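Novice: Chains A and B, in that order, are what the protein sequence lines are.
Heads up, the first sequence is in my numbering, so the first residue is 1 and it goes up one at a time.
Heads up, the second sequence is in my numbering, so the first residue is 304 and it goes up one at a time.
Ideal placement from N, C-alpha and C gives every residue a C-beta, glycine not left out.
Remember, predicted model here, so these are calculated numbers, not experimental data.
The structure under discussion is supplied below as structure tokens; questions concerning it will follow.
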Amino acid sequence: MKAAGRLAVTHRDLPPAADGPPDDPVLIVDHLTMRFGGLVAVNDLSFKVGRGDITALIGPNGAGKTTVFNCITGFYKPTEGMIRLCPEGGGAYLLERLPGHDVNRLARVARTFQNIRLFPRMTVLENLMVAQHKPLMQASGFSLAGILGLPGYRRAEAEAVEKARAWLQRIDLIGRADDPAGDLPYGDQRRLEIARAMCTDPVLLCLDEPAAGLNPRESADLNTLLRMIRDEHATSVLLIEHDMSVVMQISDRIVVLDYGLKIADGTPEQIRTDTRVIAAYLGVDDEEVEAVEAEVGLAGAQA
Amino acid sequence: MAQGSTLPAAAASGTRREASALPEIVKDAALFALVTFGLSIPIVAIRTDLGQGTGLYLTTRWGLVAALCGAVFVLRLIQRLVMLRVGQSRLAAQEKQAASGLAAPVGRLAASLGPLTLGLALGLPFIAVIGGGGLSEGRYWIDLGILILTYVMLGWGLNIVVGLAGLLDLGYVAFYAVGAYTYALCSTVFGLSFWVCLPVAGLFAAAFGVLLGFPVLRLRGDYLAIVTLAFGEIIRLVLINWVDFSGGAAGISSIPRASFFGIPFTAGEGGFASTFGLDFNPMHRVVFLYYLILALALITNLVTLRMRRLPLGRAWEALREDEIACTSLGIDTTMTKLTAFALGAMFAGFAGSFFAVRQGFVSPESFNFLESAIILAIVVLGGMGSQIGVAIAAIVMVGAPELLRNLGFLRAVFGEGFDPNEYRLLLFGLAMVAMMVWRPRGLISDREPSIRLGKAAR
Chain A
1 MKAAGRLAVT HRDLPPAADG PPDDPVLIVD HLTMRFGGLV AVNDLSFKVG RGDITALIGP
61 NGAGKTTVFN CITGFYKPTE GMIRLCPEGG GAYLLERLPG HDVNRLARVA RTFQNIRLFP
121 RMTVLENLMV AQHKPLMQAS GFSLAGILGL PGYRRAEAEA VEKARAWLQR IDLIGRADDP
181 AGDLPYGDQR RLEIARAMCT DPVLLCLDEP AAGLNPRESA DLNTLLRMIR DEHATSVLLI
241 EHDMSVVMQI SDRIVVLDYG LKIADGTPEQ IRTDTRVIAA YLGVDDEEVE AVEAEVGLAG
301 AQA
Chain B
304 MAQGSTLPAA AASGTRREAS ALPEIVKDAA LFALVTFGLS IPIVAIRTDL GQGTGLYLTT
364 RWGLVAALCG AVFVLRLIQR LVMLRVGQSR LAAQEKQAAS GLAAPVGRLA ASLGPLTLGL
424 ALGLPFIAVI GGGGLSEGRY WIDLGILILT YVMLGWGLNI VVGLAGLLDL GYVAFYAVGA
484 YTYALCSTVF GLSFWVCLPV AGLFAAAFGV LLGFPVLRLR GDYLAIVTLA FGEIIRLVLI
544 NWVDFSGGAA GISSIPRASF FGIPFTAGEG GFASTFGLDF NPMHRVVFLY YLILALALIT
604 NLVTLRMRRL PLGRAWEALR EDEIACTSLG IDTTMTKLTA FALGAMFAGF AGSFFAVRQG
664 FVSPESFNFL ESAIILAIVV LGGMGSQIGV AIAAIVMVGA PELLRNLGFL RAVFGEGFDP
724 NEYRLLLFGL AMVAMMVWRP RGLISDREPS IRLGKAAR
């Protein structure tokens, strides 16, 4: 534990990553490159996630969004670049240097997965209890005090249950607390996974396609939940999403990736009108094609 | 069965339905008997024996054929009737459950099974003594109880590793061996008593668990299984070949017996019998050993049940469910696996030193792969993670072969020279196949949550 803490060097005087807004970033991704053999999945990507913001990372399929997530949350070690997490009190964690579990334990970055990864045979409540592993583990004296049934641990456990109960009320699953998580409907599992991530008290919450497979009403509920997380907790949100109704309504900033490159970065209004983004998503406009064709003299040949 | 499910499932109509289905069932059973008859003509009906000369003599065995056909007929009849009953009761239970939302009867059964088994285990020596008509006469049953409890303890220990943490360990017997040899060597070389050696053996086995765990726990599933299997063999081969250290294949004999917390079980002055004013009987030691292993097994059980409710235990189960999700929640998977491995190994160490003190003799032969396989089979059959399931599986797996020895009356049916004990592995295999068909998740597959919101509120 100490060794890992030492690894997380506090860098106050590192050069700024990408210039420009947001001014108070919680996460700075700096010249991030990830290669798999000859494939460049992410190419020299720099962006920032503002503190208290909801930032969306969008892009067509295969643009490298999930790879960026895996680099941030410690599942991949980036080929090049630096990922800095700046907690409120100052200092920074270099996420690319932390071992996988310390990204959550020390730097407090939580995530969800594109294909839900709950503990299916454990109950809903147990899922949320596992998320509070770190404080409970300390309270149980790494099981020694716990196995003797000392009161300190019992108090900590009651607190943890209370916190889980609060989250279950918020995501409307209190009635199913003692059911196996795998028995829940899909939409409920998505919400539970977010609640589980939130139970680790994260500084930054990374959501990988939280609205995938949800019906319109469920994704409206999701919007409310994410806004609540942003407004009532000291948690910034970074999400990957394809559902534009979610992205455009709740994001404070949007970063657009295509083929591992950042092609746009700005507010939802800026992104909506950005020609490169439209080109990446819808292909190039017909008029634009004609203009180019005219330029090279193809239009005449066709006419 | 098909027409059974279409009928209304009211209990009152049950008997009527049985009666209406009876001719069909009898016909079906007769068909089975007919097929048996057809099959047994070439296989059973005629036996060739070598005569005095060079010729072969044919002996017809129509009686046996008839017995076989009759047996198949009756068995099929019973099977169909039982299936009919089960189908009915299942339907009725479903209706009842839908109506009142009661907990499954299986859960209630499992809940009452625990105290029942515990009571039986505590009272076994008395039952054996009363049933056998004397201390010495009950010895067979108490010895059998000790054997079963040893496997219950090993099963519970391995359950931590396989059932809770989901790490497939095929070399569990290695830690059992470490425990046994620790006591054997400490007592014969250094003259330490059993009560000193017991914790030492546990700690030593746990240390071996960590030693093995560090390099291999990054492996998953099949790969981990192969490495643990190899580890088990390594320990055994070292014990065989390092003659100076372990006595080689001959093992270590004349290991000191356990004492009653310092009072030896001897006939003379200062022995157990004279201290407590009893007549000397060698059975005192056996009964004491029985309660000793019972206590050790219960400690294993208690610790496991406690651990399940602690964050570390929950992390084990979470690890079994999804390792990647665990990492994303800040759980150090390597450390978590190591603790499970070490704790499981520690209990094997305790059991091992008990084994050594009971036998008074250890040799590498007692720690071969078959032992690991039996312990693993106990855990898998019992239902991964279920404590009472493991206990029942141990009773069945260890007790059933013993039962076969007592089936001498079957000679009357199958002829002289029939030894039921020779069919042990066949029955073993049949039981396994039956389990996989009917209860693929083990005897008791219901998982009891480690915490409930309702209970936690109180």
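Leaving out the 5 sequence neighbours to the left and right, which residues in its chain are closer than 7 Å to Met-34(A) when beta-carbon positions are compared?
Specialist: Ala-41, Val-42, Thr-67, Cys-71, Tyr-76, Pro-78, Thr-79
Novice: Three-state secondary structure (DSSP) at Cys-86(A)?
Specialist: coil
Novice: Which of the three DSSP states is assigned to Ala-110(A) in this structure?
Specialist: strand
Novice: Does the ligand NAD have even one heavy atom less than 6 Å from the beta-carbon of Asp-221(A)?
Specialist: The ligand content of the structure shown is nil, which means the ligand NAD is not present either.
Novice: According to DSSP, Tyr-93(A) sits in a beta bridge with which residue or residues?
Specialist: Leu-85(A)
Novice: Are the Cβ atoms of Leu-613(B) and Gly-146(A) separated by less than 7 Å?
Specialist: yes
Novice: Compare the beta carbon distance of Leu-57(A) and Ile-240(A) with 7 Å and say whether it is the shorter of the two.
Specialist: In this structure, Ile-240(A) lies closer than 7 Å to Leu-57(A) by Cβ.
Novice: Please work out which residues of its chain come closer than 8 Å, Cβ to Cβ, to Gly-297(B), disregarding the five sequence neighbours upstream and downstream, and give them in chain order.
Specialist: The requested residue 297(B) is not part of the displayed model; chain B covers only 304 to 761.
Novice: Find the nearest neighbour of Leu-684(B) within the set Gln-662(B), Glu-725(B), Val-740(B), judged by alpha-carbon distance.
Specialist: Val-740(B)
Novice: Do Tyr-454(B) and Ala-734(B) have their C-beta atoms closer together than 7 Å?
Specialist: no
Novice: Contact criterion: CB-CB distance below 7 Å. Does Ile-171(A) meet it with respect to chain B?
Specialist: no
Novice: Which residues, in chain order, does the segment 51 to 79 of chain A contribute to contact with chain B at a C-beta distance below 9 Å?
Specialist: Within the segment 51 to 79 of chain A, the qualifying residues are Thr-73, Gly-74, Phe-75.
Novice: Compile a chain-ordered list of the residues in the segment 213 to 246 of chain A whose CB is closer than 9 Å to at least one CB of chain B.
Specialist: none
Novice: Give me the Cβ distance between Leu-632(B) and Ala-131(A), rounded to the nearest whole Å; I'm assuming they're in contact under 8 Å.
Specialist: 5 Å
Novice: Any C-beta of chain A sitting closer than 7 Å to the C-beta of Gly-633(B)?
Specialist: yes
Novice: Starting from Gly-732(B) and walking both ways along the alpha helix (DSSP H), at which residues does that stretch end?
Specialist: Boundaries of the alpha helix (DSSP H) harbouring Gly-732(B): 727 to 741, taken from the DSSP string.
Novice: List the whole-angstrom C-beta distance separating Met-236(A) from Val-103(A), where the pair is believed to meet the contact cut-off of C-beta under 8 Å.
Specialist: One point to set straight first is that residue 236(A) is Ser, not Met, in the sequence displayed. Going by Cβ atoms, the distance from Ser-236(A) to Val-103(A) rounds to 15 Å, so no, they are not a contact pair.
Novice: Note down the Cα distance separating Ala-396(B) from Arg-383(B), rounded to an integer number of angstroms.
Specialist: 20 Å
Novice: Per DSSP, what kind of secondary structure is Pro-752(B) in: helix, strand or coil?
Specialist: Pro-752(B) sits in coil when the DSSP states are folded into three classes, being neither helix nor strand.
Novice: Output, in sequence order along the chain, the residues in the segment 31 to 47 of chain A whose CB is closer than 9 Å to any CB in chain B.
Specialist: none
Novice: Distance check for Asn-61(A) and Lys-262(A), CA to CA, integer angstroms please.
Specialist: So the alpha carbons of these two residues sit roughly 14 Å apart.
Novice: Give the list of continuous alpha helix (DSSP H) stretches no shorter than 4 residues that lie fully inside the segment 652 to 714 of chain B.
Specialist: 672 to 685, 690 to 697, 703 to 708
Novice: 7 Å is my cut-off, CB to CB: does Asn-115(A) come that close to chain B?
Specialist: no
Novice: Under the DSSP definition of a beta bridge, which residues are partnered with Tyr-360(B)?
Specialist: Asp-352(B)
Novice: In chain B, what lies closer than 9 Å to Arg-154(A) by C-beta?
Specialist: Neighbours of Arg-154(A) on chain B: none; closest Cβ ~10 Å, over 9 Å.
Novice: Leaving out the 5 sequence neighbours to the left and right, which residues in its chain are closer than 8 Å to Ile-346(B) when beta-carbon positions are compared?
Specialist: If you ignore the 5 residues before and after Ile-346(B), its C-beta comes within less than 8 Å of no other C-beta in its own chain.
Novice: In terms of alpha-carbon separation, which member of Ile-529(B), Leu-416(B), Pro-559(B), Ile-445(B) lies closest to Leu-427(B)?
Specialist: Ile-445(B)
Novice: Comparing C-alpha positions only, which one of Phe-564(B), Ile-543(B), Met-687(B), Asp-625(B) sits nearest to Gly-466(B)?
Specialist: Closest option to Gly-466(B), Cα to Cα, is Met-687(B).
Novice: Using a Cβ-Cβ cut-off of less than 9 Å, list which residues of the segment 729 to 749 of chain B approach chain A; keep chain order.
Specialist: none
Novice: Residues of chain B with CB closer than 9 Å to the CB of Ala-177(A), please, in chain order.
Specialist: Arg-755, Leu-756, Gly-757
Novice: According to DSSP, is Pro-614(B) part of a helix, a strand, or is it coil?
Specialist: helix
Novice: Identify the residues that DSSP records as bridge partners of Val-29(A): which are they?
Specialist: Phe-47(A), Ile-83(A)
Novice: Kindly confirm or deny that the segment 481 to 495 of chain B and the segment 647 to 659 of chain B touch, where touching means at least three C-beta pairs closer than 8 Å.
Specialist: yes
Novice: Just the Cα atoms here: how many angstroms apart are Val-29(A) and Pro-120(A)?
Specialist: 33 Å
Novice: For Gly-146(A), which residues in chain B fall below 7 Å Cβ to Cβ?
Specialist: Leu-613
Novice: With 16 as the cutoff for other CB atoms within 10 Å, does Ala-552(B) come out buried or exposed?
Specialist: exposed
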